[in-house]
DNA sequence: CCGAAAAGATGTTCAACAACATCTTTTGAG
DNA sequence: CTCAAAAGATGTTGTTGAACATCTTTTCGG
């Protein structure tokens, strides 16, 4: 069997990675299979050797750094370092950072795609849910002395992170968008019991 | 000039109303002009007598009950009554209600369309921003003795309302969705200084 | 170095859509 | 009652898409 067994997986992840960026930027409907394959350096024909349909790929594009450690969502220098403790606060700051706000293509899919997902099939919604659950787990993994937030609090923090960014991205005035990010960040840090050293 | 001058406006709002529902359910791209006009009882031809393009209509479909009192977003019996005081708490409860969660078509566009808007033109983003600003104003219109929330708090409450609902809608498990709505509701009420009488 | 299988490129089909042009109907003003 | 303007219906065009079939190229095992 020609081609090393790695090759198929390599190309496959290359397709998914490119598709993530395209979906993040333009949404599910507006992206064509031809573009997706083009981003991976291929032409449309081979697509169905890797995925049963566009929707199938979509669900896989929901992978984010909460579910997949090496997914590479780092948002320009904003990193989350588990060894530094207080993971929850780190996540909040990274999530609502200016970098994440600007970096549409490498955005967390939970921010960029919730509308499409809500309208999509169960498979996409399950993938979204996975990412969300993973985020909750991370938010509760607080190693600091502040104590872990309970589950309802962790859910509210997630809502603030995702909601704050969604709203900021949908606003035209960058001033309002910034205000929203900061307000959500501050509220989330307070909720978590993590002190808020301003911007 | 035949046709009473009212007629044009009547048909126009009929088109917008129908388009809102269609956009809420299926998003911008997936809805065709033919469907929009069909929902208004017309055929596609007349569309361009009312709107310059599909995008123009889209911006108008962002109208919600924060910007337009008689927009009719009432979510099945869940009403906001300014005379009953504590408007902020009423908004939070209505916004994160089961009814609003289920009533996709009559949903607040800020929940249903932020993704499309973020990807769309400046006109749509300005319309979204209008709705958001109007919501903030209402959230600060607290008439109770609890005192008005300050602006950052109002922004955070809005993020919780919109974000909580967005995430709930994108999740597959209705249990998680409910949990999220309740957690966001509780956190928002606490933030506002309004007591939280549970579900 | 050969050939089979995997990978990828190209072709086809059918359907949908936006935008606009043009034709037909409706309506109230005079 | 008439007619012109507004409203609405229908036709046209050019484009794009998903899905799948089929052809060509690449690659590595023997």
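Chains as they are written, first to last, in this note's numbering: chain L, 4 to 202; chain R, 4 to 202. Beta carbons: idealized from backbone N, C-alpha and C, even for Gly.
One finds 117, 120, 121, 128 and 131 in chain R with Cβ atoms closer than 7 angstroms to the Cβ of residue 173 of chain L, taken in chain order.
If you draw a straight line from the Cα of residue 95 of chain L to the Cα of residue 49 of chain R, it is about 49 angstroms long. For a cut-off of 8 angstroms, the C-beta gap from residue 54 of chain R to residue 45 of chain R is around 13 angstroms, too long to register as a contact. Counting C-beta pairs with one atom in each stretch, the segment 20-27 of chain R and the segment 109-126 of chain L have fewer than three that are closer than 8 angstroms, which means they do not touch. Within the same chain, Cβ atoms closer than 6 angstroms to the Cβ of residue 130 of chain L are found at 62 and 65, the five residues on either side in sequence being excluded.
Taken in chain order, the whole beta strand (DSSP E) runs of length 3 or more contained in the segment 43-87 of chain L number zero. The alpha-carbon of residue 167 of chain L is positioned some 16 angstroms away from that of residue 99 of chain R. For residue 176 of chain L, the neighbours in chain R by C-beta distance under 7 angstroms run, in chain order, 132. With respect to residue 161 of chain R, residue 139 of chain R sits close: the two C-beta atoms are nearer than 8 angstroms. The segment 164-178 of chain R and the segment 163-177 of chain L touch, with three or more beta-carbon pairs separated by less than 8 angstroms. Look at the segment 126-183 of chain L and you find these whole runs of alpha helix (DSSP H), each 4 residues long or longer: 154-173. When Cβ pairs closer than 8 angstroms are counted between the two stretches, the segment 102-114 of chain L is seen to touch the segment 78-87 of chain L, the count reaching three or more. Counting C-beta atoms within 10 angstroms of its own C-beta, residue 27 of chain L has 16 or more neighbours from the protein chains shown and is therefore classed as buried. In chain order, 30, 31, 32 and 33 make up the part of chain R whose C-beta sits under 9 angstroms from the C-beta of residue 32 of chain L. Distance between residue 188 of chain L and residue 180 of chain L, taken at the CA atoms: about 12 angstroms. Using a Cβ-Cβ cut-off of 8 angstroms, residue 170 of chain L counts as an interface residue toward chain R, since at least one Cβ of chain R sits closer than that to its own. Between residue 135 of chain L and chain R, the shortest Cβ-Cβ separation is below 8 angstroms. Residue 197 of chain R is positioned such that its CB atom lies closer than 8 angstroms to that of residue 91 of chain R.
Taking the Cα of residue 127 of chain R as reference, the smallest distance to any Cα among R:51, R:68 and R:58 is reached at R:58. Remark: C-beta atoms of residue 32 of chain R and residue 186 of chain L do not approach each other more closely than 8 angstroms. When the five nearest sequence neighbours on each side are left out, the beta carbons in the same chain lying within less than 8 angstroms of the beta carbon of residue 15 of chain L are those of 53, in order along the chain.
Residue 134 of chain R is positioned such that its CB atom lies closer than 8 angstroms to that of residue 70 of chain R. Under the 10 Å beta carbon count, residue 86 of chain L is surrounded by fewer than 16 other beta carbons and is classified as exposed. Residues of chain L with a Cβ closer than 9 angstroms to the Cβ of residue 150 of chain R do not exist, since the nearest Cβ in that chain sits about 17 angstroms away. For residue 11 of chain L, the number of other beta carbons within 10 angstroms of its own is below 16, and it is reported as exposed.
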